[in-house]
Amino acid sequence: MSLDFVILAAGQGTRMKSRLPKVLHPLAGKPLVLYGVQEATSVCRRPPVLVIGHGGDAVREAVGEAARFVEQSEQLGTGHAVLQVRSLLAGQSQYIIVFYADMPLLQASTLCKLYEVQQDNDGPLSLLTVVTDNTRGFGRIVRDGQGSFCAIVEEAQATPEQLAIHEVNLGVYCFDADWLWSHLDQLPLTSKGEYYLTDLASIAVSEGSPIKAISVDDPDEALGINTRVHLAEAEAVLRRRTNEKLMLSGVTIIDPATTYIHSTVQIGQDTTIFPNTHLRGATVIGQECNIGPNTIIEDTTIGNNCVITASVLESAVVEDHVDIGPFGHLRKGAYLESHVHMGNFGEIKNSRLRRGVKMGHFSYLGDADVGEEANIGAGSITCNYDGRHKHKTTIGKHVFVGSDTMLVAPVTLGDAARTGAGSVVTRDVPPGTLVYGVPAHSSGSESDKDQEG
Ligand code: UD1
Ligand code: MG
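So in our numbering, spot 280 of the sequence shown is number 280, and the numbers just go up one at a time.
Below you can see the structure in the form of structure tokens.
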């Protein structure tokens, strides 16, 4: 038995009112189109065939190797879109599942079920429906007095009686491949000037073939995206799915309605997530942490027993027992070893803070390496940029940087060196030495004498 997937993504998505193609609109952090592609790939190892048209190059780039691409240069309807794939797939597989790229909540398990149903069907196709009060402009499923499937009628063509039908077409079909390829040419041109894939169902009925229309249990799966209102609805469903999965795995989420976690994020047991927290991308958080409230963490790894309050962390690494915030900002390349304390209003970029470093108040460290147990006094910063180039600051173990020190890079402070409050350090400081003043000097040093002279 072989199966191929065809996903239709060539339409413009006029109802989105956007310059961005509909299927590239981000949903919970990734483009809409990737949802269907990933579900299809988990059912069938061969990459699905994606029919592209509007914004085709951008869609191709976003999807990359995950799909095979076929171009539909003129968007003449969903039936016409599938026809473009015929020369690529005819004779290749026994079954073809077709669905639309604007259905991001479809689950692989549902696609498998549809596939199984069609394998048992003597007729040429099976399709998914949902019974719902919110018909969302979907095609209606017309059945006869015995409940057998008759046709799919698009909303624009439906009679008032048909509009009152609550069973709608999800746009997910499993076809007998040979039947599909040999019947696509028979699709009639509709009054809208399009060839509707849905009309294949009426053709099968007219041939006397049975069609299996099975209803999905979870109405969320039917959430097709045609407008930005639908996009927000889908976002809420995905958010709920992700949060529930995390809570069932042992994470406390104080208020799931205001907690925004991408499905890619991993969180350890007994960690608590406080409201208005956004966790994105390849973020990994360990056990027994308190994260938030009001925190944004992206592509960052955090160890166990950390406390992150009202802070922003991007592309950083944080080991165990670290506390950050309120109002800390870790930027790309920040690496905080265990037991680092970073208090109010700190910013760190491309710097390593070794074990036990304390940086309590209003500080900036950029391109720095800070030794164990060093103390960065309030208001101290690295002046790492001379207007053209970035320079490195090296701070040894147990260094005490006095409040409001400016460290003009490149500069090195040896182990256990100390700076006085308000120093501007422009030269390297030997280990164990105290410097102070502007520019900073040690008592009895050359620069000191220069100044006195
Ligand atoms: C379609 C179905 C409708 C179903 C609904 C479910 C048809 C005629 N109608 O309506 O019965 O209830 O989906 O979501 O199939 N596309 C192309 N090329 C085209 C036209 C469309 O690739 O020439 C793609 C679009 O990019 C989109 C998908 O097909 O991903 C569906 O098109 P859309 O215009 O959203 O159809 P609906 O009006 O939602
Ligand atoms: Mg649609």
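Where a beta carbon is used, it is the ideal one built from N, C-alpha and C, also for glycine.
Roughly how many angstroms lie between the CA atoms of residue i and residue j, to the nearest whole one?
i	j	result
Ala-177	Gln-94	5 Å
Gly-208	Ile-152	16 Å
Thr-433	Ser-442	7 Å
Leu-20	Tyr-35	17 Å
Gly-437	Ser-423	5 Å
Cys-150	Asp-199	11 Å
Val-63	Ile-96	21 Å
Ala-417	Phe-400	6 Å
Thr-129	Thr-252	36 Å
Gln-157	His-80	19 Å
Ala-421	Leu-330	25 Å
Pro-293	Phe-274	5 Å
Gly-11	Val-51	9 Å
Arg-352	Gln-266	24 Å
Tyr-246	Gly-414	Residue identity check: residue 246 is Leu in the sequence provided, not Tyr. Distance between the alpha carbons of Leu-246 and Gly-414 is about 46 Å.
Asp-367	Ile-297	21 Å
Ser-148	Val-216	17 Å
Gly-356	Leu-336	9 Å
Leu-248	Leu-197	41 Å
Arg-136	Gly-13	15 Å
Tyr-195	Gly-328	56 Å
Val-411	Leu-279	36 Å
Leu-114	Thr-277	38 Å
Gly-281	Thr-300	8 Å
Ala-374	Lys-397	6 Å
Gly-402	Ile-261	40 Å
Val-85	Val-49	8 Å
Ser-18	Ser-191	26 Å
Glu-167	Ala-257	30 Å
Ala-204	Val-142	14 Å
Asp-448	Leu-407	Summary for Asp-448: the model assigns pLDDT 47, below 50, so the residue's position carries little reliability, and this model does not support an answer.
Ser-2	Gln-75	29 Å
Arg-354	Asp-270	26 Å
Leu-189	Cys-174	23 Å
Thr-272	Thr-295	13 Å
Please look up how many angstroms separate the CB atoms of residue i and residue j, rounded, as I've assumed it's under 8 Å.
i	j	result
Ala-108	Ser-263	Rounded, the Cβ-Cβ distance is 14 Å, inconsistent with contact.
Ile-7	Ala-40	7 Å
Asp-4	Arg-46	6 Å
Glu-233	Thr-110	Their Cβ separation, rounded to whole angstroms, is 18 Å, which puts Glu-233 and Thr-110 out of contact at 8 Å.
Tyr-364	Thr-393	So it is not a contact: roughly 11 Å between Cβ atoms.
Gly-224	Gly-171	7 Å
Gly-303	Gly-325	About 16 Å; that fails the 8 Å criterion.
Val-43	Ala-9	Actually they are not in contact, since the Cβ atoms of Val-43 and Ala-9 sit about 18 Å apart, beyond 8 Å.
Leu-125	Ile-211	6 Å
His-361	Gly-333	No, His-361 and Gly-333 are not in contact; Cβ-Cβ is about 22 Å, not under 8 Å.
If you count every other CB in all the chains shown that lies within 10 Å of the CB of residue i, and 16 or more means buried, which is it?
i	result
Ser-202	buried
Asn-243	buried
Ser-73	exposed
Leu-163	exposed
Pro-31	buried
Gly-56	buried
Glu-319	buried
Gly-385	According to the sequence displayed, residue 385 carries Tyr and not Gly. Counting Cβ neighbours within 10 Å, Tyr-385 comes out exposed, since fewer than 16 surround it.
Ile-254	exposed
Gly-377	buried
His-321	buried
Asp-102	buried
His-25	buried
Glu-452	Only weak support exists for where Glu-452 lies, its pLDDT of 40 falling under 50; the coordinates are left without a value.
Val-229	exposed
Let me know the secondary structure DSSP gives residue i once reduced to three states.
i	result
Gly-55	strand
Cys-112	helix
Glu-337	coil
Asn-243	helix
Val-85	coil
Ser-363	coil
Pro-26	strand
Asp-122	coil
Leu-20	coil
Asp-144	coil
Ile-203	helix
Arg-15	helix
Gly-292	coil
Arg-60	helix
His-391	coil
When the cut-off is 9 Å and only beta carbons count, does residue i lie next to chain B?
i	result
Gln-146	Any reference to chain B falls outside this structure, which holds one protein chain only.
Handout entry: Three-pair Cβ contact test at 8 Å for the stretch 166-182 versus the stretch 83-102
Key = Note that the stretch 166-182 touches the stretch 83-102; at least 3 beta-carbon pairs, one per stretch, sit closer than 8 Å.
Exercise for the section: Would you check if there are 3 or more beta carbon pairs closer than 8 Å linking the stretch 329-349 to the stretch 310-319? Expected result: Contact annotation: the stretch 329-349 touches the stretch 310-319, with at least three C-beta pairs closer than 8 Å.
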